[in-house]
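Engineer:
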Amino acid sequence: MNTNFSRLIGVFALAALVQSAHAELKWEQTSVDLRPGFNDKQAVAHFKYENVGNTPVHFKSVHASCGCTTAQTQNEQVAPGQKGEITATFNIGGRTGTQVKTVTVQTDDPDPARSTTVLTLKAVITPLLEIQPALVYWQNGEERKPKVITAKANKDAAIKKLDVSSSTPDFTAKVDAGSAPNEFRISVQPRDTTKAVYATLTIKPDSPANTGNMFSAAARVMPSAPASKSTLSTIRHDRATPAATPLFSSPTPTSFSLAISSGATRCPI
1102 MNTNFSRLIG
1112 VFALAALVQS
1122 AHAELKWEQT
1132 SVDLRPGFND
1142 KQAVAHFKYE
1152 NVGNTPVHFK
1162 SVHASCGCTT
1172 AQTQNEQVAP
1182 GQKGEITATF
1192 NIGGRTGTQV
1202 KTVTVQTDDP
1212 DPARSTTVLT
1222 LKAVITPLLE
1232 IQPALVYWQN
1242 GEERKPKVIT
1252 AKANKDAAIK
1262 KLDVSSSTPD
1272 FTAKVDAGSA
1282 PNEFRISVQP
1292 RDTTKAVYAT
1302 LTIKPDSPAN
1312 TGNMFSAAAR
1322 VMPSAPASKS
1332 TLSTIRHDRA
1342 TPAATPLFSS
1352 PTPTSFSLAI
1362 SSGATRCPI
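Numbering (my numbering), first residue to last: 1102 to 1370.
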């Protein structure tokens, strides 16, 4: 009896020990917002963690969402109370705007709710030059009034001047200062709107930090509109209908012969 009771106590003690023994990574943050400079090549996020459990944590895998992002751990195993970080590096390349990349981390934590963690890197990349709209156009036969493209420069780029050229002589472009700081107005005008033409506008800023990057917009005169169905129907109807007989016309051969016959009876012999 005493032996069985001792065994029972041992089982409960072991269960309590197993229950109290656990590994858990506590993340300082799982999402990082970055604003790299327009001339930066990479955006780097640091995701810090600590093992708040009482057993070691092992990393099973660390996987980035795309080839433009890499992730690296400081340690393959994290001891109880140990701190560390995962470094995620996003290679910017020519990308602009808001870029969201993720890193999926898997550990040997037996709790499924903690074994997988998704880390998010969000990078807002302001381009050297923002151009709106990217296309200006005129309808066929429209008045040759200039239309404006607005170019907004990155405030850190120190752009003082824009050079704009057209791929064809059918359009001219003039650059003036805009209504806001770091803003330019590009006035585009066609030489003729009676024929369909298209041109690419090449925009080159004079920023000393610019490494030869050029930007582009487009200008176009639209082709003339095709004849509508109703117009074509009217044309076909007119061609199919015989011409109306004039109100006064030459007499027909029959009426002409009748007139001669009638005249002969009235003439004296």
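Ideal Cβ positions, reconstructed from N, Cα and C, are used throughout, including at glycine.
In three-state DSSP terms, what is Ser-1382?
Structural biologist: The shown model of the chain, from 1102 to 1370, leaves out residue 1382, and the question about it has no answer.
Engineer: What does the alpha-carbon distance come out to for the pair Thr-1205 and Asn-1140?
Structural biologist: Roughly 28 Å separates the two Cα atoms.
Engineer: If Ala-1172 and Val-1163 are in contact, beta carbons under 8 Å, what's the gap, nearest whole angstrom?
Structural biologist: 5 Å
Engineer: Does Ala-1235 get closer than 7 Å to chain B when you measure Cβ to Cβ?
Structural biologist: Absent from the structure is chain B; it holds one protein chain and no more.
Engineer: Given a cut-off of 7 Å, decide if Phe-1148 and Glu-1186 are closer than it, judged by their beta-carbon atoms.
Structural biologist: Yes, these two residues count as a Cβ contact at 7 Å.
Engineer: Taking the alpha-carbon positions, what's the Ala-1344 to Glu-1244 distance?
Structural biologist: The predicted position of Ala-1344 is uncertain, since its pLDDT is 41 and thus under 50; a value taken from the coordinates is nonetheless stated next. Taking the straight line joining both Cα atoms gives about 39 Å.
Engineer: Looking at the strands, I want to know which residues DSSP matches up with Thr-1174.
Structural biologist: Bridge partners of Thr-1174: Ile-1187.
Engineer: Give me the Cβ distance between Arg-1286 and Val-1249, rounded to the nearest whole Å; I'm assuming they're in contact under 8 Å.
Structural biologist: 5 Å
Engineer: Do you know whose CA, among Gly-1154, Thr-1217 and Leu-1230, lies nearest Asp-1257's CA?
Structural biologist: Leu-1230
Engineer: Please check the pair Leu-1135 and Ala-1224, which I expect to be a contact at CB under 8 Å, by giving their CB distance rounded to whole angstroms.
Structural biologist: 5 Å
Engineer: Would Ala-1252 pass as a contact of Ile-1226 if the rule is Cβ separation under 7 Å?
Structural biologist: no
Engineer: In this structure, how does DSSP classify Pro-1291 when only helix, strand and coil are distinguished?
Structural biologist: strand
Engineer: Spell out the partners DSSP gives Ile-1232 in its beta bridges.
Structural biologist: According to DSSP, Ile-1232 bridges with Ala-1252.
Engineer: Would you kindly work out how many angstroms separate the C-alpha atoms of Ala-1254 and Asp-1209, rounded to a whole number?
Structural biologist: 49 Å
Engineer: Since I believe Lys-1202 is in contact with Thr-1170 (beta carbons under 8 Å), could you give me their beta-carbon distance rounded to a whole number of angstroms?
Structural biologist: That pair is a contact at about 4 Å.
Engineer: Considering only residues of the same chain and omitting the five flanking positions on each side of Gln-1175, which have a CB-CB separation below 7 Å?
Structural biologist: Gly-1185 and Glu-1186
Engineer: Could you pull the start and end residues of the beta strand (DSSP E) that Ser-1132 belongs to?
Structural biologist: 1132-1135
Engineer: Taking just the CA atoms, how far does Gln-1200 sit from Lys-1161?
Structural biologist: Between the C-alpha atoms of Lys-1161 and Gln-1200 there is a straight-line separation of about 27 Å.
Engineer: With a threshold of 16 other CB atoms inside 10 Å of the CB of Asn-1152, please say whether the residue is buried or exposed.
Structural biologist: Its Cβ being crowded by 16 or more others within 10 Å, Asn-1152 is buried.
Engineer: With Val-1289 and Pro-1247 assumed to form a contact (beta carbons below 8 Å), what rounded beta-carbon distance in angstroms separates them?
Structural biologist: 6 Å
Engineer: Excluding the 5 residues preceding and the 5 following Thr-1269 in the sequence, name in chain order all residues of the same chain whose CB lies nearer than 6 Å to its CB.
Structural biologist: Ala-1300
Engineer: What residues are listed by DSSP as bridge partners for Gly-1194?
Structural biologist: According to DSSP, Gly-1194 bridges with nothing at all.
Engineer: Let me know the alpha helix (DSSP H) ranges lying completely inside the region 1204-1231, each 4 residues or longer, listed in chain order.
Structural biologist: Complete alpha helix (DSSP H) runs here, min 4: 1213-1216.
Engineer: So, with DSSP's three-state summary, where would you put Arg-1286?
Structural biologist: Strand.
Engineer: For Leu-1302, which residues from the same chain have a beta carbon less than 8 Å from its beta carbon, with the 5 sequence-adjacent residues on both sides left out?
Structural biologist: Ile-1250, Val-1265, Ser-1266, Ser-1267, Ser-1268, Phe-1272, Ala-1274, Ile-1287, Val-1289, Ser-1317, Ala-1318, Ala-1319 and Ala-1320
Engineer: With 16 as the cutoff for other CB atoms within 10 Å, does Ser-1356 come out buried or exposed?
Structural biologist: In this prediction, Ser-1356 has a pLDDT of 37, which is less than 50 and means its spatial position is unreliable; what the coordinates show is noted afterwards. Ser-1356 should be labelled exposed.
Engineer: Going along the chain, which residues of its own chain have a beta-carbon closer than 6 Å to the beta-carbon of Ser-1280, five neighbours each way excluded?
Structural biologist: none
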